[in-house]
Amino acid sequence: MNFKDKVIYQIYPKSFYDSNNDGIGDLRGIIKKIPYLTKLHVDMIWFNPFFVSPQYDNGYDIANYYQIDPVFGTMDDFEELVQKLKAQHIEVMLDMVLNHVSTDHEWFQKALAGNQRYQNYFYIRKAKADGSVPNNWTSKFGGTAWAKFGNTDNYYLHLYDKHQADLNWHNPEVRKELFKVINFWHDKGVKGFRFDVINVTGKDTVLRDAPAGVESKFMYTDTPIVQDYLKEMNQAALQDPEIITVGEFSSASVTNGVKYTRPDEHELTMAFTFHHLKVDYDHGQKWTKIPFDFAALKQTLNEWQVGMNKGNGWNALFWNNHDQPWALNRFGDPVHYREKSAEMLATTIHLLRGTPYIYQGEEIGMSDPNYQSIDDYVDVEALNAYHTLLKSGHSPQDALAIVKSKARDNSRVPMHWDNTKYAGFSKVKPWLKPTNQQNINVDDELRHGEIFNYYQKLINLRKQFKIISEGDYQPFELAHPTVFAYLRTYQSQRLLVLNNFYGKVATISIPEKFTSPDANILINNYSTPERVSNSLRLEPYQSLAILV
(Lines of atoms letter the chains of each structure in order from A and count residues from 1; the text may use other names and numbers.)
(Lines give C-alpha, C1' and ligand atoms only; values in the text may rest on other atoms or scores of the structure.)
Protein backbone atom coordinates (compact mmCIF):
# COMPACT_ATOMS: atom_id res chain seq x y z
CA MET A 1 0.00 0.00 0.00
CA ASN A 2 1.39 3.41 -0.83
CA PHE A 3 1.41 4.99 2.62
CA LYS A 4 2.89 8.28 1.39
CA ASP A 5 -0.32 9.75 -0.01
CA LYS A 6 -2.46 8.56 2.90
CA VAL A 7 -3.95 10.61 5.74
CA ILE A 8 -4.75 8.79 8.99
CA TYR A 9 -7.45 9.86 11.47
CA GLN A 10 -7.24 8.95 15.15
CA ILE A 11 -10.33 7.98 17.13
CA TYR A 12 -10.32 7.74 20.91
CA PRO A 13 -13.36 5.41 21.11
CA LYS A 14 -14.31 6.37 24.66
CA SER A 15 -14.89 9.97 23.51
CA PHE A 16 -16.12 9.75 19.92
CA TYR A 17 -19.87 8.98 20.08
CA ASP A 18 -22.04 7.20 22.65
CA SER A 19 -24.73 5.10 20.92
CA ASN A 20 -26.26 3.43 24.00
CA ASN A 21 -26.29 6.39 26.42
CA ASP A 22 -24.03 5.09 29.16
CA GLY A 23 -21.77 8.16 28.93
CA ILE A 24 -18.97 6.27 27.14
CA GLY A 25 -18.28 6.20 23.40
CA ASP A 26 -18.52 2.82 21.64
CA LEU A 27 -18.09 0.95 18.35
CA ARG A 28 -21.73 1.34 17.31
CA GLY A 29 -21.32 5.07 17.85
CA ILE A 30 -18.40 5.08 15.41
CA ILE A 31 -20.48 3.12 12.86
CA LYS A 32 -23.18 5.84 13.10
CA LYS A 33 -20.60 8.52 12.30
CA ILE A 34 -19.07 6.86 9.21
CA PRO A 35 -20.73 9.43 6.88
CA TYR A 36 -18.84 12.17 8.73
CA LEU A 37 -15.51 10.33 8.40
CA THR A 38 -16.18 9.71 4.71
CA LYS A 39 -16.79 13.41 4.16
CA LEU A 40 -13.31 14.23 5.45
CA HIS A 41 -11.69 11.84 2.87
CA VAL A 42 -9.31 10.14 5.33
CA ASP A 43 -7.78 6.79 4.29
CA MET A 44 -7.34 4.94 7.54
CA ILE A 45 -8.45 5.23 11.17
CA TRP A 46 -6.22 4.46 14.13
CA PHE A 47 -8.32 3.35 17.11
CA ASN A 48 -7.01 3.53 20.66
CA PRO A 49 -7.36 0.16 22.44
CA PHE A 50 -10.85 -1.21 23.04
CA PHE A 51 -9.73 -4.65 24.24
CA VAL A 52 -10.75 -6.12 27.60
CA SER A 53 -9.03 -4.05 30.28
CA PRO A 54 -9.45 -3.00 33.91
CA GLN A 55 -8.71 0.54 32.62
CA TYR A 56 -5.95 1.57 35.02
CA ASP A 57 -4.25 3.21 32.04
CA ASN A 58 -7.20 3.92 29.75
CA GLY A 59 -7.10 0.56 28.02
CA TYR A 60 -3.32 0.39 27.60
CA ASP A 61 -3.41 -2.27 30.32
CA ILE A 62 -4.77 -5.17 28.25
CA ALA A 63 -6.21 -8.22 30.00
CA ASN A 64 -7.22 -10.04 26.80
CA TYR A 65 -5.82 -9.27 23.34
CA TYR A 66 -8.54 -11.24 21.55
CA GLN A 67 -11.71 -9.79 23.05
CA ILE A 68 -13.46 -6.45 22.85
CA ASP A 69 -14.32 -4.88 26.17
CA PRO A 70 -18.12 -5.07 26.54
CA VAL A 71 -18.18 -1.35 27.39
CA PHE A 72 -17.24 -0.70 23.71
CA GLY A 73 -19.35 -3.43 22.09
CA THR A 74 -18.93 -6.88 20.60
CA MET A 75 -16.83 -8.65 17.98
CA ASP A 76 -19.87 -8.45 15.66
CA ASP A 77 -19.85 -4.67 16.05
CA PHE A 78 -16.14 -4.60 15.24
CA GLU A 79 -16.54 -6.78 12.14
CA GLU A 80 -19.40 -4.60 10.92
CA LEU A 81 -17.31 -1.48 11.54
CA VAL A 82 -14.40 -2.85 9.47
CA GLN A 83 -16.73 -3.87 6.64
CA LYS A 84 -18.62 -0.55 6.54
CA LEU A 85 -15.41 1.49 6.63
CA LYS A 86 -13.91 -0.64 3.83
CA ALA A 87 -17.00 0.06 1.73
CA GLN A 88 -16.01 3.75 2.01
CA HIS A 89 -12.33 2.96 1.21
CA ILE A 90 -11.26 3.56 4.80
CA GLU A 91 -8.92 1.02 6.41
CA VAL A 92 -8.51 0.20 10.12
CA MET A 93 -5.38 0.59 12.29
CA LEU A 94 -5.33 -0.99 15.75
CA ASP A 95 -3.20 -0.13 18.74
CA MET A 96 -0.93 -3.03 19.73
CA VAL A 97 0.31 -2.75 23.32
CA LEU A 98 2.97 -5.44 23.31
CA ASN A 99 5.53 -4.21 25.86
CA HIS A 100 3.31 -5.06 28.83
CA VAL A 101 0.03 -6.70 29.84
CA SER A 102 -2.46 -6.01 32.60
CA THR A 103 -1.75 -7.86 35.83
CA ASP A 104 -5.29 -9.27 35.25
CA HIS A 105 -4.06 -11.04 32.08
CA GLU A 106 -4.14 -14.83 32.36
CA TRP A 107 -0.36 -15.04 31.70
CA PHE A 108 0.36 -12.94 34.77
CA GLN A 109 -2.27 -14.72 36.83
CA LYS A 110 -0.73 -18.10 35.92
CA ALA A 111 2.71 -16.74 36.82
CA LEU A 112 1.35 -15.61 40.21
CA ALA A 113 -0.12 -19.07 40.76
CA GLY A 114 3.44 -20.46 40.54
CA ASN A 115 3.55 -21.62 36.91
CA GLN A 116 7.26 -21.45 35.98
CA ARG A 117 6.56 -21.29 32.26
CA TYR A 118 4.48 -18.11 32.66
CA GLN A 119 6.90 -16.62 35.17
CA ASN A 120 9.38 -16.60 32.27
CA TYR A 121 6.96 -14.30 30.40
CA PHE A 122 7.87 -11.46 32.80
CA TYR A 123 10.86 -9.83 34.48
CA ILE A 124 10.66 -11.34 37.95
CA ARG A 125 13.69 -10.69 40.12
CA LYS A 126 14.86 -11.18 43.70
CA ALA A 127 15.33 -8.20 46.01
CA LYS A 128 18.89 -6.91 46.57
CA ALA A 129 20.85 -8.33 49.50
CA ASP A 130 19.72 -5.39 51.65
CA GLY A 131 16.06 -6.19 50.89
CA SER A 132 15.57 -3.23 48.53
CA VAL A 133 14.02 -3.48 45.04
CA PRO A 134 16.07 -5.23 42.29
CA ASN A 135 17.38 -2.00 40.70
CA ASN A 136 17.00 1.79 40.76
CA TRP A 137 14.84 2.18 37.66
CA THR A 138 11.89 4.55 37.93
CA SER A 139 8.44 4.04 36.45
CA LYS A 140 7.33 6.47 33.71
CA PHE A 141 4.37 7.21 36.00
CA GLY A 142 6.61 8.05 38.98
CA GLY A 143 8.11 5.96 41.80
CA THR A 144 9.99 2.69 41.51
CA ALA A 145 9.52 0.44 38.45
CA TRP A 146 9.20 -2.62 40.70
CA ALA A 147 6.22 -4.08 42.56
CA LYS A 148 5.93 -7.06 44.91
CA PHE A 149 5.25 -10.31 43.03
CA GLY A 150 2.30 -11.73 44.98
CA ASN A 151 3.22 -12.87 48.49
CA THR A 152 6.72 -13.96 47.47
CA ASP A 153 10.00 -12.12 48.18
CA ASN A 154 10.33 -11.36 44.46
CA TYR A 155 9.42 -8.29 42.43
CA TYR A 156 8.15 -7.81 38.88
CA LEU A 157 9.15 -4.99 36.53
CA HIS A 158 6.58 -2.40 35.40
CA LEU A 159 7.99 0.54 33.44
CA TYR A 160 4.48 2.06 33.51
CA ASP A 161 1.65 1.63 36.01
CA LYS A 162 2.04 -1.17 38.59
CA HIS A 163 -0.94 -2.91 36.95
CA GLN A 164 1.09 -3.17 33.71
CA ALA A 165 3.68 -5.94 33.95
CA ASP A 166 6.49 -5.74 31.38
CA LEU A 167 6.74 -8.74 29.08
CA ASN A 168 10.06 -10.53 28.68
CA TRP A 169 10.77 -10.25 24.95
CA HIS A 170 13.93 -12.34 25.38
CA ASN A 171 11.60 -15.33 25.67
CA PRO A 172 10.86 -16.53 22.09
CA GLU A 173 7.55 -17.97 23.31
CA VAL A 174 6.40 -14.47 24.35
CA ARG A 175 7.25 -13.04 20.92
CA LYS A 176 5.44 -15.89 19.20
CA GLU A 177 2.30 -15.28 21.29
CA LEU A 178 2.38 -11.55 20.50
CA PHE A 179 2.86 -12.07 16.75
CA LYS A 180 -0.14 -14.42 16.88
CA VAL A 181 -2.21 -11.49 18.19
CA ILE A 182 -1.25 -9.34 15.19
CA ASN A 183 -2.16 -12.14 12.77
CA PHE A 184 -5.52 -12.65 14.48
CA TRP A 185 -6.54 -9.02 13.87
CA HIS A 186 -5.06 -8.99 10.39
CA ASP A 187 -7.34 -11.94 9.58
CA LYS A 188 -10.26 -9.75 10.68
CA GLY A 189 -9.39 -7.27 7.93
CA VAL A 190 -7.12 -4.91 9.87
CA LYS A 191 -4.51 -3.25 7.62
CA GLY A 192 -2.74 -0.95 10.08
CA PHE A 193 -0.94 -1.47 13.37
CA ARG A 194 0.42 1.11 15.81
CA PHE A 195 2.95 -0.34 18.23
CA ASP A 196 2.83 1.31 21.63
CA VAL A 197 6.20 2.15 23.31
CA ILE A 198 7.81 -0.53 21.13
CA ASN A 199 11.37 0.76 21.60
CA VAL A 200 11.47 -0.16 25.29
CA THR A 201 11.05 -3.90 24.60
CA GLY A 202 14.85 -4.35 24.39
CA LYS A 203 15.68 -4.55 28.11
CA ASP A 204 18.89 -6.38 28.98
CA THR A 205 18.78 -9.87 30.53
CA VAL A 206 20.71 -8.51 33.51
CA LEU A 207 18.83 -5.44 34.77
CA ARG A 208 21.65 -3.29 36.13
CA ASP A 209 21.22 -0.07 38.11
CA ALA A 210 21.34 3.17 36.15
CA PRO A 211 24.55 5.09 36.97
CA ALA A 212 24.14 7.82 39.63
CA GLY A 213 22.52 10.94 38.17
CA VAL A 214 21.52 9.17 34.91
CA GLU A 215 17.86 8.69 34.00
CA SER A 216 17.06 4.98 33.98
CA LYS A 217 15.18 5.19 30.64
CA PHE A 218 18.54 5.17 28.80
CA MET A 219 19.14 1.67 30.16
CA TYR A 220 16.26 0.17 28.18
CA THR A 221 15.29 2.56 25.34
CA ASP A 222 16.38 1.99 21.71
CA THR A 223 18.79 -0.86 22.46
CA PRO A 224 20.09 -2.64 19.32
CA ILE A 225 18.07 -5.82 19.99
CA VAL A 226 14.81 -3.89 19.33
CA GLN A 227 15.78 -3.89 15.63
CA ASP A 228 16.11 -7.69 15.69
CA TYR A 229 12.70 -8.02 17.34
CA LEU A 230 11.07 -5.75 14.76
CA LYS A 231 12.63 -7.68 11.86
CA GLU A 232 11.36 -10.93 13.36
CA MET A 233 7.88 -9.40 13.87
CA ASN A 234 7.86 -8.17 10.28
CA GLN A 235 8.64 -11.68 9.03
CA ALA A 236 6.11 -13.38 11.30
CA ALA A 237 3.13 -11.04 11.02
CA LEU A 238 3.60 -8.08 8.67
CA GLN A 239 4.26 -9.61 5.26
CA ASP A 240 1.04 -8.37 3.64
CA PRO A 241 2.22 -5.51 1.35
CA GLU A 242 -1.04 -3.66 2.18
CA ILE A 243 -0.12 -3.30 5.87
CA ILE A 244 0.90 0.08 7.30
CA THR A 245 2.76 0.12 10.63
CA VAL A 246 3.80 2.91 12.98
CA GLY A 247 5.99 2.64 16.05
CA GLU A 248 5.66 4.92 19.05
CA PHE A 249 9.26 5.87 19.80
CA SER A 250 9.58 7.95 22.91
CA SER A 251 13.08 9.49 23.27
CA ALA A 252 14.37 7.93 20.01
CA SER A 253 17.22 9.56 18.10
CA VAL A 254 16.96 10.48 14.42
CA THR A 255 19.54 7.78 13.60
CA ASN A 256 17.33 5.12 15.19
CA GLY A 257 14.21 6.65 13.62
CA VAL A 258 15.83 6.05 10.23
CA LYS A 259 16.76 2.46 11.07
CA TYR A 260 13.27 1.60 12.32
CA THR A 261 11.55 2.93 9.19
CA ARG A 262 13.94 2.59 6.24
CA PRO A 263 12.27 0.17 3.80
CA ASP A 264 15.38 -1.98 3.30
CA GLU A 265 15.52 -2.73 7.06
CA HIS A 266 12.08 -4.46 6.88
CA GLU A 267 10.93 -3.24 10.29
CA LEU A 268 8.17 -0.57 10.37
CA THR A 269 6.60 1.91 7.95
CA MET A 270 6.89 5.08 10.04
CA ALA A 271 7.77 6.55 13.42
CA PHE A 272 5.89 8.65 15.97
CA THR A 273 8.34 10.86 17.89
CA PHE A 274 7.59 13.53 20.49
CA HIS A 275 10.54 15.90 20.74
CA HIS A 276 8.61 18.73 19.03
CA LEU A 277 5.90 18.52 21.70
CA LYS A 278 8.32 19.26 24.54
CA VAL A 279 9.21 22.80 23.48
CA ASP A 280 6.85 24.29 26.07
CA TYR A 281 8.39 22.27 28.93
CA ASP A 282 10.50 24.42 31.27
CA HIS A 283 13.91 22.69 31.53
CA GLY A 284 12.34 19.52 30.15
CA GLN A 285 9.71 19.37 32.90
CA LYS A 286 6.19 18.70 31.63
CA TRP A 287 4.24 20.19 34.57
CA THR A 288 5.33 23.78 33.95
CA LYS A 289 3.68 26.65 32.09
CA ILE A 290 5.83 28.68 29.71
CA PRO A 291 5.34 29.99 26.15
CA PHE A 292 6.61 27.54 23.53
CA ASP A 293 10.15 28.00 22.26
CA PHE A 294 9.62 28.67 18.54
CA ALA A 295 13.31 28.36 17.61
CA ALA A 296 13.46 24.95 19.33
CA LEU A 297 10.23 23.84 17.64
CA LYS A 298 11.61 24.66 14.18
CA GLN A 299 14.99 23.16 14.95
CA THR A 300 13.41 19.87 16.11
CA LEU A 301 11.00 19.54 13.18
CA ASN A 302 13.82 20.42 10.79
CA GLU A 303 16.27 17.97 12.35
CA TRP A 304 13.82 15.08 11.97
CA GLN A 305 12.80 16.13 8.45
CA VAL A 306 16.39 16.48 7.21
CA GLY A 307 17.61 13.31 8.96
CA MET A 308 14.72 11.08 7.87
CA ASN A 309 14.86 12.48 4.32
CA LYS A 310 18.61 11.81 4.07
CA GLY A 311 18.35 8.31 5.53
CA ASN A 312 15.16 7.36 3.65
CA GLY A 313 13.19 6.97 6.89
CA TRP A 314 9.58 8.12 7.25
CA ASN A 315 7.87 10.34 9.82
CA ALA A 316 4.35 10.08 11.21
CA LEU A 317 3.35 13.76 11.38
CA PHE A 318 1.06 15.05 14.12
CA TRP A 319 0.32 17.83 16.61
CA ASN A 320 -2.46 16.19 18.63
CA ASN A 321 -3.29 12.84 20.19
CA HIS A 322 -4.96 11.36 23.27
CA ASP A 323 -1.88 12.07 25.41
CA GLN A 324 -1.44 15.75 24.53
CA PRO A 325 -3.28 19.00 25.29
CA TRP A 326 -4.63 20.63 22.12
CA ALA A 327 -1.93 22.10 19.85
CA LEU A 328 -4.22 25.06 19.18
CA ASN A 329 -3.76 26.20 22.80
CA ARG A 330 -0.02 25.51 22.77
CA PHE A 331 1.06 26.89 19.40
CA GLY A 332 -1.92 28.88 18.13
CA ASP A 333 -4.47 31.36 19.46
CA PRO A 334 -7.85 29.75 20.22
CA VAL A 335 -9.32 33.10 21.30
CA HIS A 336 -8.45 35.72 18.67
CA TYR A 337 -7.39 33.60 15.67
CA ARG A 338 -8.93 30.17 16.21
CA GLU A 339 -9.65 29.41 12.53
CA LYS A 340 -6.46 30.90 11.11
CA SER A 341 -4.10 29.37 13.65
CA ALA A 342 -5.82 25.96 13.34
CA GLU A 343 -5.36 26.12 9.55
CA MET A 344 -1.75 27.29 9.86
CA LEU A 345 -0.89 24.35 12.16
CA ALA A 346 -2.62 21.93 9.77
CA THR A 347 -0.70 23.31 6.77
CA THR A 348 2.64 23.08 8.60
CA ILE A 349 2.18 19.36 9.30
CA HIS A 350 0.34 18.23 6.15
CA LEU A 351 2.88 19.69 3.72
CA LEU A 352 5.93 18.23 5.47
CA ARG A 353 7.54 14.97 4.33
CA GLY A 354 5.72 12.14 6.13
CA THR A 355 2.23 10.78 6.77
CA PRO A 356 -0.12 13.20 8.56
CA TYR A 357 -2.41 12.14 11.40
CA ILE A 358 -5.54 14.06 12.41
CA TYR A 359 -6.84 13.60 15.94
CA GLN A 360 -10.65 13.60 16.33
CA GLY A 361 -11.93 17.18 16.73
CA GLU A 362 -8.77 18.80 15.38
CA GLU A 363 -10.56 19.26 12.05
CA ILE A 364 -13.20 21.47 13.70
CA GLY A 365 -10.68 23.47 15.76
CA MET A 366 -11.38 22.00 19.20
CA SER A 367 -9.46 23.57 22.10
CA ASP A 368 -8.73 22.82 25.76
CA PRO A 369 -11.81 22.62 28.01
CA ASN A 370 -12.30 25.48 30.43
CA TYR A 371 -12.30 23.47 33.67
CA GLN A 372 -12.61 25.54 36.85
CA SER A 373 -11.67 22.87 39.39
CA ILE A 374 -9.25 19.97 39.74
CA ASP A 375 -12.36 17.81 40.38
CA ASP A 376 -13.27 18.14 36.70
CA TYR A 377 -10.17 16.09 35.75
CA VAL A 378 -10.25 12.30 35.59
CA ASP A 379 -6.73 11.34 34.45
CA VAL A 380 -4.58 9.97 37.26
CA GLU A 381 -1.48 11.67 35.81
CA ALA A 382 -3.10 15.14 36.05
CA LEU A 383 -4.42 14.51 39.58
CA ASN A 384 -0.99 13.28 40.76
CA ALA A 385 0.71 16.27 39.14
CA TYR A 386 -1.67 18.70 40.88
CA HIS A 387 -0.87 17.29 44.32
CA THR A 388 2.87 17.22 43.57
CA LEU A 389 2.71 20.88 42.49
CA LEU A 390 0.91 21.82 45.72
CA LYS A 391 3.55 19.95 47.75
CA SER A 392 6.33 21.80 45.96
CA GLY A 393 4.88 25.15 47.07
CA HIS A 394 2.59 26.20 44.19
CA SER A 395 -0.68 27.91 45.09
CA PRO A 396 -3.90 26.02 44.18
CA GLN A 397 -4.51 28.61 41.40
CA ASP A 398 -1.02 28.16 39.91
CA ALA A 399 -1.18 24.37 40.21
CA LEU A 400 -4.56 24.33 38.43
CA ALA A 401 -3.28 26.68 35.69
CA ILE A 402 -0.33 24.33 35.02
CA VAL A 403 -2.54 21.23 34.96
CA LYS A 404 -4.97 23.07 32.69
CA SER A 405 -2.19 23.69 30.16
CA LYS A 406 -0.78 20.14 30.09
CA ALA A 407 -3.43 17.57 31.08
CA ARG A 408 -4.14 14.60 28.80
CA ASP A 409 -7.85 15.03 29.58
CA ASN A 410 -7.81 18.19 27.43
CA SER A 411 -7.93 16.16 24.22
CA ARG A 412 -9.90 13.25 25.70
CA VAL A 413 -12.97 15.43 26.20
CA PRO A 414 -15.98 14.05 24.24
CA MET A 415 -16.19 15.03 20.58
CA HIS A 416 -18.44 18.06 20.12
CA TRP A 417 -21.19 17.10 17.66
CA ASP A 418 -23.59 19.94 18.49
CA ASN A 419 -24.13 22.73 21.04
CA THR A 420 -26.41 20.85 23.45
CA LYS A 421 -25.62 20.19 27.13
CA TYR A 422 -23.61 17.02 26.46
CA ALA A 423 -22.27 18.19 23.08
CA GLY A 424 -24.42 15.70 21.12
CA PHE A 425 -22.02 12.98 22.32
CA SER A 426 -24.54 11.36 24.63
CA LYS A 427 -27.97 11.93 26.17
CA VAL A 428 -26.53 11.35 29.64
CA LYS A 429 -23.62 12.89 31.55
CA PRO A 430 -20.41 11.78 29.75
CA TRP A 431 -17.43 10.23 31.54
CA LEU A 432 -15.60 13.54 31.03
CA LYS A 433 -17.23 16.96 30.88
CA PRO A 434 -17.36 19.01 27.65
CA THR A 435 -17.19 22.81 28.23
CA ASN A 436 -16.99 24.92 25.06
CA GLN A 437 -19.36 23.08 22.70
CA GLN A 438 -21.55 26.20 22.40
CA ASN A 439 -18.87 27.80 20.21
CA ILE A 440 -17.13 24.79 18.68
CA ASN A 441 -19.06 21.80 17.31
CA VAL A 442 -19.44 19.72 14.14
CA ASP A 443 -22.93 20.99 13.27
CA ASP A 444 -21.82 24.58 13.35
CA GLU A 445 -18.51 23.90 11.58
CA LEU A 446 -20.14 22.06 8.67
CA ARG A 447 -22.72 24.82 8.29
CA HIS A 448 -20.62 27.96 8.50
CA GLY A 449 -17.07 27.02 9.46
CA GLU A 450 -13.89 27.02 7.38
CA ILE A 451 -11.50 24.66 9.22
CA PHE A 452 -13.08 21.33 8.16
CA ASN A 453 -13.18 22.55 4.59
CA TYR A 454 -9.52 23.54 4.77
CA TYR A 455 -8.57 20.05 6.02
CA GLN A 456 -10.44 18.53 3.05
CA LYS A 457 -8.32 20.70 0.73
CA LEU A 458 -5.05 19.63 2.36
CA ILE A 459 -6.03 15.95 2.12
CA ASN A 460 -6.96 16.31 -1.56
CA LEU A 461 -3.71 18.11 -2.38
CA ARG A 462 -1.71 15.19 -0.97
CA LYS A 463 -3.55 12.87 -3.39
CA GLN A 464 -3.06 15.23 -6.35
CA PHE A 465 0.55 16.35 -5.99
CA LYS A 466 3.46 13.94 -5.73
CA ILE A 467 5.66 16.77 -4.51
CA ILE A 468 3.64 16.67 -1.26
CA SER A 469 3.45 12.89 -0.85
CA GLU A 470 6.87 11.94 -2.31
CA GLY A 471 9.02 15.08 -2.45
CA ASP A 472 12.25 15.79 -0.58
CA TYR A 473 12.52 18.36 2.20
CA GLN A 474 14.91 21.31 2.64
CA PRO A 475 14.84 24.07 5.25
CA PHE A 476 14.27 27.67 4.17
CA GLU A 477 15.14 30.81 6.19
CA LEU A 478 15.31 28.70 9.36
CA ALA A 479 16.38 31.68 11.47
CA HIS A 480 13.26 33.76 10.72
CA PRO A 481 11.90 34.89 14.12
CA THR A 482 8.19 34.23 13.45
CA VAL A 483 7.87 32.14 10.26
CA PHE A 484 8.52 28.42 9.78
CA ALA A 485 9.30 28.04 6.09
CA TYR A 486 10.52 25.04 4.11
CA LEU A 487 10.98 23.75 0.56
CA ARG A 488 9.74 20.52 -0.94
CA THR A 489 11.32 19.33 -4.18
CA TYR A 490 10.25 16.64 -6.66
CA GLN A 491 11.77 16.21 -10.13
CA SER A 492 11.59 19.71 -11.66
CA GLN A 493 9.00 21.02 -9.19
CA ARG A 494 9.56 23.25 -6.16
CA LEU A 495 7.05 23.96 -3.39
CA LEU A 496 7.71 26.76 -0.91
CA VAL A 497 5.66 26.53 2.31
CA LEU A 498 5.39 29.58 4.59
CA ASN A 499 3.75 29.47 8.03
CA ASN A 500 3.44 32.53 10.25
CA PHE A 501 3.30 31.20 13.84
CA TYR A 502 2.26 34.48 15.45
CA GLY A 503 -0.70 36.85 15.70
CA LYS A 504 1.17 39.69 14.06
CA VAL A 505 2.10 40.52 10.48
CA ALA A 506 5.42 39.09 9.25
CA THR A 507 7.50 39.76 6.15
CA ILE A 508 9.81 37.30 4.43
CA SER A 509 11.98 37.50 1.33
CA ILE A 510 10.97 35.16 -1.47
CA PRO A 511 13.33 33.79 -4.16
CA GLU A 512 12.65 35.16 -7.64
CA LYS A 513 11.39 31.90 -9.14
CA PHE A 514 8.43 31.89 -6.72
CA THR A 515 7.33 35.33 -7.92
CA SER A 516 7.42 34.40 -11.64
CA PRO A 517 4.23 34.05 -13.74
CA ASP A 518 4.74 30.23 -13.62
CA ALA A 519 4.32 30.22 -9.84
CA ASN A 520 0.93 29.41 -8.47
CA ILE A 521 -0.49 29.45 -4.97
CA LEU A 522 -1.47 25.89 -4.08
CA ILE A 523 -3.17 26.72 -0.79
CA ASN A 524 -3.65 29.84 1.31
CA ASN A 525 -5.73 30.31 4.46
CA TYR A 526 -6.33 33.98 3.58
CA SER A 527 -7.65 35.40 0.33
CA THR A 528 -4.47 37.52 -0.02
CA PRO A 529 -2.20 37.85 -1.94
CA GLU A 530 -3.29 37.20 -5.52
CA ARG A 531 0.33 37.57 -6.67
CA VAL A 532 3.51 36.95 -4.73
CA SER A 533 6.14 39.70 -4.41
CA ASN A 534 9.83 39.39 -3.44
CA SER A 535 9.13 40.76 0.01
CA LEU A 536 6.02 38.93 1.07
CA ARG A 537 3.71 40.13 3.83
CA LEU A 538 2.09 37.33 5.85
CA GLU A 539 -1.03 38.08 7.89
CA PRO A 540 -1.39 36.78 11.48
CA TYR A 541 -1.21 32.95 11.38
CA GLN A 542 -1.18 32.96 7.58
CA SER A 543 -0.05 29.83 5.71
CA LEU A 544 0.81 29.91 2.05
CA ALA A 545 2.26 27.29 -0.30
CA ILE A 546 3.66 28.34 -3.70
CA LEU A 547 4.35 25.81 -6.44
CA VAL A 548 6.73 26.28 -9.37
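Residue numbers (the UniProt record's numbering): 1 to 548. All C-beta atoms, glycine included, are put in the ideal place defined by N, C-alpha and C.
Residue i: first and last residue of the uninterrupted beta strand (DSSP E) it sits in
i: histidine 100; result: 100-102
i: serine 469; result: Element bounds for serine 469: not the beta strand (DSSP E) but the alpha helix (DSSP H), 466-469.
i: residue 563; result: Beyond the ends of the chain as shown, which are 1 and 548, falls residue 563; an answer cannot be given.
i: residue 562; result: Past the edges of the chain, shown from 1 to 548, lies residue 562, and the structure says nothing about it.
i: threonine 38; result: Counting along the chain, threonine 38 falls outside any beta strand (DSSP E), though it belongs to the alpha helix (DSSP H) covering 34-40.
i: leucine 522; result: 520-524
i: aspartate 472; result: 472-476
i: leucine 446; result: Premise fails: leucine 446 lies in the alpha helix (DSSP H), 442-448, not in any beta strand (DSSP E).
i: leucine 544; result: 543-547
i: glutamine 10; result: 8-11
i: serine 509; result: 506-509
Alpha helix (DSSP H) segment containing residue i, residue limits
i: arginine 488; result: Here arginine 488 belongs to no alpha helix (DSSP H); instead the beta strand (DSSP E) covers 483-490.
i: arginine 412; result: 409-412
i: serine 535; result: Here serine 535 belongs to no alpha helix (DSSP H); instead the beta strand (DSSP E) covers 535-538.
i: tyrosine 118; result: 116-119
i: alanine 342; result: 338-350
i: phenylalanine 331; result: 327-331
i: threonine 261; result: 254-261
i: phenylalanine 108; result: 106-112
i: lysine 84; result: 75-87
Status (buried if at least 16 other CB within 10 Å, exposed otherwise) for residue i
i: glutamine 285; result: exposed
i: alanine 407; result: buried
i: serine 411; result: buried
i: arginine 208; result: exposed
i: asparagine 439; result: exposed
i: serine 516; result: exposed
i: glutamate 248; result: buried
i: histidine 186; result: buried
i: tyrosine 66; result: exposed
i: serine 341; result: buried
i: valine 428; result: exposed
i: lysine 14; result: buried
Cβ distance (whole Å) where residue i is taken to contact residue j below 8 Å
i: tyrosine 486; j: phenylalanine 476; result: 5 Å
i: lysine 33; j: tyrosine 12; result: About 13 Å; that fails the 8 Å criterion.
i: valine 483; j: alanine 519; result: Actually they are not in contact, since the Cβ atoms of valine 483 and alanine 519 sit about 18 Å apart, beyond 8 Å.
i: phenylalanine 156; j: isoleucine 124; result: The amino acid at residue 156 is misidentified as phenylalanine; the sequence shows tyrosine. That pair is a contact at about 5 Å.
i: asparagine 64; j: valine 82; result: Rounded, the Cβ-Cβ distance is 19 Å, inconsistent with contact.
i: threonine 355; j: isoleucine 8; result: 6 Å
i: tyrosine 229; j: threonine 205; result: Not quite, the Cβ-Cβ distance comes to about 14 Å (not below 8 Å), so this is no contact.
i: residue 577; j: leucine 478; result: Because the chain in this structure spans residues 1 to 548, residue 577 falls outside the shown range and cannot be described.
i: arginine 353; j: asparagine 309; result: 6 Å
i: threonine 269; j: valine 246; result: 6 Å
i: glutamine 227; j: glutamate 267; result: 6 Å
i: valine 279; j: aspartate 196; result: Actually they do not touch by this definition, with Cβ atoms about 23 Å apart.
DSSP beta-bridge partners of residue i
i: methionine 93; result: Trp46, Gly192
i: phenylalanine 274; result: Paired residue(s): none; phenylalanine 274 is not in a bridge.
i: tryptophan 314; result: DSSP lists no partner for tryptophan 314.
i: lysine 126; result: Asn154
i: proline 70; result: Proline 70 is not bridged to any residue.
i: valine 52; result: Asn64
i: residue 557; result: Nothing about residue 557 can be reported from this structure: the residues present for the chain run from 1 to 548 only.
i: threonine 269; result: Paired residues: none, contrary to the question.
Closer than 7 Å: residue i CB and nearest the ligand PLP heavy atom
i: leucine 383; result: The ligand content of the structure shown is nil, which means the ligand PLP is not present either.
(message) Just to confirm the assignment: which complete beta strand (DSSP E) runs, minimum length 3, are found wholly within the region 151-234?
(response) 154-157, 164-166, 192-195
(message) Restricting to runs no shorter than 4 residues, where is the alpha helix (DSSP H) found entirely within the region 384-437?
(response) 396-406, 409-412
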